[in-house]
Amino acid sequence: MRYVSPWREAAPVAGTMGEPGARGRFGDYGGRYAPESLVEACREVEEAFREAWADPGFRGDLAELLAVHAGRPTPLTPARRLSRELGVRLWLKREDLTHTGSHKINNVLGQALLAARMGRRRLIAETGAGQHGVATATAAALLGLEATVFMGERDIERQDLNVFRMRLLGAEVVPVTTGSRTLKDATSEAMRHWVGATGDSHYCVGSVIGPDPYPWMVRELQRVIGDEARAQCAAELRTGLPDHVVACVGGGSNAAGTFAGFADTPARFVGVEAEGGAGASRGRLGVLHGCRSLFLQDGDGQIVEAHSIAAGLDYPGVGPEHAHLRDLGRARYVTVTDEEAVGAALRLARTEGIVPALESAHALAWVIRAAGDGGLPAGSTVLMTLSGRGDKDISTLKELL
Amino acid sequence: MTVEDRLRARRDTGRGLLMPYVTGGIAPGWTRYLEAFAAAGADAIEVGLPFSDPTLDGVTIQRASEAALARGASTRRVLADLAEVAGLGVPLVASTYYNLVLHDGPGAFCAALRRAGVSGLIVPDLPVHEADELAGVAAAAGIDLALLASPATPDPRLGEIARRSRGFVYAVSLMGTTGERAGLAASAGELTARIRSVSDRPVLLGFGISTPDQAREARRHADGVVVGAAVMRRVLDGAGPDDVLTFLAALRRALDQE
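Respectively, the protein sequence lines represent chains U and F. Numbering follows the working numbering, in which position 117 of the first sequence is assigned residue number 756; successive positions increment by one, without gaps. Numbering follows the working numbering, in which position 130 of the second sequence is assigned residue number 152; successive positions increment by one, without gaps.
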C-alpha cells in the first residue's frame, strides 16, 4: 500500500519568517496593541533593536556573551538508543546545556545588552515557573542592571526554589495577587509596571508574544538555536537536513528560534502544545498583552486560564508568528497530554541519560507518538529542540512516579 | 445627538464636564448607579464591559472587573441591562479591551452597543495606528470612538489622535494605570495644553482624579474629568447609589465653581 503523507506537500513558503514589516504583522497577526502610554516605548525598543541588530559590534558582543557566559554553541546529540527503539533518526538540539538550563538565556542576554545600550538601568520581566525570571536576574547581574520580576502568587508557592535563585542573584521578585495569580497575570502586571517606568526600565518579554517588536525581536534572539542546528545538521546528517523539525510551544520562543534556521528548507515544522494550553491548536482570534493572535477564550470572549504540568506551557495563547505559520500550513501544531509528557521524560532519562524539562518532554512525546502511528515514517530524520533541563521538575516527577 | 455634539454643546456654555465610570454588572441592580450619576449631573457616563485581563487598569478596577465576572457579567448581559434603562438623558460610553470587540467582530459589537443605547466607545488597548479596523465601523453605527492620548505621545502623533478621535479626546493624566492618586500629576496640564493647541475637540482628563480639589484643578486645564477608581472603590466598599450620588455631587460642585 502506498504511504499517504498526512502533510500538505508544501514547499517552503517564500518570505516566511522574515521581518514583519512596518506594522509588525505576521499575516493578520501581531501588531502593536499597546496602551498609548507604551506605544512610544515600543517604538524606541524597535528602533534600538533594528540599529543594534544591524551593528556588527552589538552582534559580536552578544555572540561573545553567548559563548563565554551561556556556553554556546550547544551540541547536537544523536539520541542513539531511543532512535533504534522508535525507528527514526532523532537528533536533539541541547538548549538544556546552556547556563541557567534553558533557551531563555539566549533572549535575555540579547535584551539585556540592548537595554544597557539604550541607557536603561533596570529590567522588568514576567515569569511563570521562574525560568525566564532566573535568566533575567542572571543577565541583569552580569551587566550590572537591576531586575524586577513579576510572578503570580500561586507560581511563587509552587516554585519557591526559583524565587530564591532570583533573589540570590539580586533581583526583586514581586508577587502578583490579582486574577488567576499565574503567568498571564504576571505579564499584565509587568506591562502595568512598565507604563510607569518607561524612562529608566526595559521590559524584557520572555517569549515571542507582546506588542511589536517583541515577537520579532525575541525570535531573532532565539534564532541562534536554529542557525546553529542548521550548520550542525549540514555537518552531521547524512541528508544534510532533517525531514522534521520539532519543538514545544507555550508562547513559542524556542520553536520560533528553531524554525527560523530552517525556514528556507523543505523541513516540516511541528509545534507541540500542552493539551491544556493549546493556543495555536484551539485558540481563537483575539488581542492580549499587546498582540493579535490566537488565545484560549470562553464563549463570552474572556481569556481562559491554561493548565499544564509544564509551567512554561501554561500560557493561554501563542505568539503571532506561530498563528501565521499555522494558517499558511508551514507549521503544524499538535497537542500532547501531561501523561504523555511525563512518559516521554522518563523514557529519555532511561534511554539517553537526559532528564528533560517537562516542556521539552512535550516535543518528545509527539515524536514518540508519531513514530508509532505513522505520523513520522520509518527512517525519518527528526531534529528536536530540547529546550531545557529537568532539574526544576524533579519534585513534580517525584510526586508522580 | 452624538456624544461629541452633547459634550461640545455643554462645554460651550462654560460647564465643566463630568464623566463617571461604573463597571457593568458589578452588583445586582447595578444600573441604579447610572441613575445616580445622571442625578449628580453627569454629562456622559462610562460603562466598563468587564474583561478578564484589564492590562491598563490599577487594582481597584481590576478587582471590580473580577467581581463583575464572578457574578456572571458579560458583554451581552451588561448590554441587555443597559437596554432596559430608559430616559437617562445622558449619553452612554462603553469602555472595554479590544479582545471583547474582536470576539463578535467590530461590526456586530458596534451594532450591539447601538441597540443597547450606547453612543460612545473607549478601547484603551487600541491605539490610533491599529484603529482603522474599528473606526469606520463604529462611525457607520453611530458610535463615537474616543482615542486616548498620553504624556508620552509625541506631537505629530498627538495631532493624529486628536483628529481621529470622536466624542472627545481622553487625556491620560499620568504615566501609569487607572487608580486614585494623592494629587494631580504635572503631566496632566502639559498634555492637555498640547492637545488643545492642535484641536478644539472636548478634552476629558482621566486616571487618578479622585477628589473635588483634583477635579477643580483638572478643570483649569481640561474641559472635564473622568472619575472611575474613586467611584469603584466606594462601590467595592459597599457604597450604594445614594452614597455615590453624594460623592459625585461634591465633584459636580467643584467643577461648577471653577
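Note that CB positions come from ideal geometry on N, CA and C, so glycine has one too. Note that this is a predicted model, so its numbers are computed, not measured.
DSSP three-state assignment for residue i, whether helix, strand or coil
i: glycine 992 of chain U; result: coil
i: glycine 201 of chain F; result: coil
i: alanine 693 of chain U; result: coil
i: methionine 757 of chain U; result: coil
i: glutamine 770 of chain U; result: helix
i: threonine 45 of chain F; result: strand
i: arginine 136 of chain F; result: helix
i: aspartate 851 of chain U; result: coil
i: leucine 148 of chain F; result: coil
i: threonine 713 of chain U; result: coil
i: tyrosine 672 of chain U; result: coil
i: arginine 223 of chain F; result: coil
i: leucine 1022 of chain U; result: strand
i: tryptophan 646 of chain U; result: With a pLDDT of 43 at tryptophan 646 of chain U, under the threshold of 50, the predicted position of this residue should be treated as unreliable, though the coordinate-derived value follows. If DSSP states are grouped into helix, strand and coil, tryptophan 646 of chain U belongs with coil.
i: valine 973 of chain U; result: strand
i: glutamate 106 of chain F; result: coil
i: arginine 93 of chain F; result: coil
i: glycine 943 of chain U; result: It should be noted that the sequence gives valine, not glycine, for residue 943 of chain U. Valine 943 of chain U falls in the coil class under three-state DSSP.
i: tyrosine 120 of chain F; result: helix
i: histidine 961 of chain U; result: helix
i: isoleucine 864 of chain U; result: helix
i: cysteine 930 of chain U; result: strand
i: histidine 832 of chain U; result: helix
i: arginine 242 of chain F; result: helix
Chain-order list of residues whose beta-carbon lies under 7 Å from that of residue i (same chain, five-residue window excluded)
i: proline 72 of chain F; result: Thr45, Gly46, Gly47, Ser87, Ala90, Leu91, Ala95
i: alanine 768 of chain U; result: Asp794, Gln798, Asn801, Ala950, Gly951, Lys1031
i: glycine 922 of chain U; result: Leu933, Phe934, Leu935, Gly956, Val957
i: alanine 917 of chain U; result: Thr974
i: leucine 183 of chain F; result: Note on identity: in this sequence residue 183 of chain F is isoleucine, with leucine being the wrong assignment. Excluding positions up to five away in sequence, the list reads Val150, Leu169, Ala171, Thr175, Val191.
i: serine 722 of chain U; result: Arg728, Leu729
i: arginine 869 of chain U; result: Gly900, Phe901
i: alanine 62 of chain F; result: Leu267, Leu270, Ala271, Arg274
i: valine 943 of chain U; result: Leu935, Gln936, Asp937, Pro955
i: alanine 237 of chain F; result: Ile231, Val247, Leu273, Ala276, Leu277
8 Å CB neighbourhood of residue i in its chain, flanking five on each side removed
i: arginine 760 of chain U; result: Leu784, Glu785, Asp839, Ser840
i: threonine 53 of chain F; result: Asp103, Leu104, Glu106, Val107
i: tyrosine 642 of chain U; result: The predicted position of tyrosine 642 of chain U is uncertain, since its pLDDT is 40 and thus under 50; a value taken from the coordinates is nonetheless stated next. So the qualifying residues of the chain are Gly1013, Pro1016.
i: proline 128 of chain F; result: Glu155, Leu156, Val159, Ala160
i: leucine 1039 of chain U; result: Val981
i: arginine 647 of chain U; result: Below a pLDDT of 50, predicted positions are generally treated as unreliable, and arginine 647 of chain U, at 42, falls in that range; no measurement from the model is reported.
i: histidine 742 of chain U; result: Glu734, Gln861, Ile864, Ser892, Asn893, Gly896, Thr1024, Ser1026, Gly1027
Residue i beta carbon near the ligand GTP (any heavy atom closer than 6 Å)
i: arginine 858 of chain U; result: The ligand GTP is not part of this structure, which contains no ligands at all.
Residues near residue i by beta carbon distance below 6 Å, same chain, minus five either side
i: leucine 1036 of chain U; result: none
i: proline 234 of chain F; result: Ala272, Leu273, Ala276
i: valine 994 of chain U; result: Ala988, Gly1029
i: alanine 886 of chain U; result: Asn893, Ala894, Thr897, Ala1002, Thr1024
i: glutamate 765 of chain U; result: Phe789, Ala825, Thr826, Ala829
i: leucine 725 of chain U; result: Ala1010
i: valine 926 of chain U; result: Tyr672
i: proline 173 of chain F; result: Met197, Ser209, Leu213
i: phenylalanine 131 of chain F; result: Val123
i: threonine 200 of chain F; result: Asp79, Gly80, Ile83, Phe229, Gly250, Ala251
i: proline 814 of chain U; result: Glu792, Ile795
i: arginine 28 of chain F; result: Pro113
Inter-residue CB distance, residue i and residue j (contact presumed, cutoff 8 Å)
i: histidine 883 of chain U; j: leucine 1015 of chain U; result: 6 Å
i: leucine 226 of chain F; j: leucine 39 of chain F; result: 6 Å
i: glutamate 152 of chain F; j: serine 117 of chain F; result: Wrong, their Cβ atoms sit about 17 Å apart, outside the cutoff.
i: leucine 1090 of chain U; j: leucine 705 of chain U; result: As displayed, chain U neither begins before 640 nor continues past 1040, which places residue 1090 of chain U out of reach and without an answer.
Go through the stretch 867–926 of chain U residue by residue and report every complete run of the alpha helix (DSSP H) that reaches 4 residues or more, in order.
892–899, 918–921
Residues from the stretch 253–276 of chain F in contact with chain U, defined by Cβ distance under 9 Å:
none
Which residues, taken in chain order from the stretch 145–169 of chain F, show a beta carbon closer than 9 Å to some beta carbon of chain U?
Pro146, Asp147, Leu148, Pro149, Val150, His151, Glu152, Leu169
Give the residues from the stretch 840–865 of chain U that approach chain F closer than 8 Å (Cβ to any Cβ), ordered along the chain.
none
Ranges of the alpha helix (DSSP H) found wholly within the stretch 49–81 of chain F, counting only runs of at least 4
53–61
Quick one, which residues of the stretch 114–128 of chain F are near chain U if we go by CB-CB under 8 Å, in chain order?
Tyr119, Tyr120, Asn121, Leu122, Leu124, His125, Asp126
Using a Cβ-Cβ cut-off of less than 9 Å, list which residues of the stretch 656–681 of chain U approach chain F; keep chain order.
Arg662, Gly670, Arg671, Tyr672, Ala673, Pro674, Glu675, Ser676, Leu677, Val678, Glu679, Ala680
Threshold first: 4 residues or longer. Then list the alpha helix (DSSP H) segments lying entirely within the stretch 783–825 of chain U, N to C.
792–797, 799–807
Ignoring anything shorter than 3 residues, give me the beta strand (DSSP E) runs that lie fully in the stretch 143–194 of chain F, in order along the chain.
166–168, 191–194
Could you list the residues in the stretch 928–941 of chain U with a C-beta less than 9 Å from some C-beta on chain F, going in chain order?
His928, Gly929, Arg931, Phe934, Gln936, Asp937, Gly938, Asp939, Gly940, Gln941
Please name the residues in the stretch 912–924 of chain U whose beta-carbon is closer than 7 Å to at least one beta-carbon of chain F, in chain order.
Leu924
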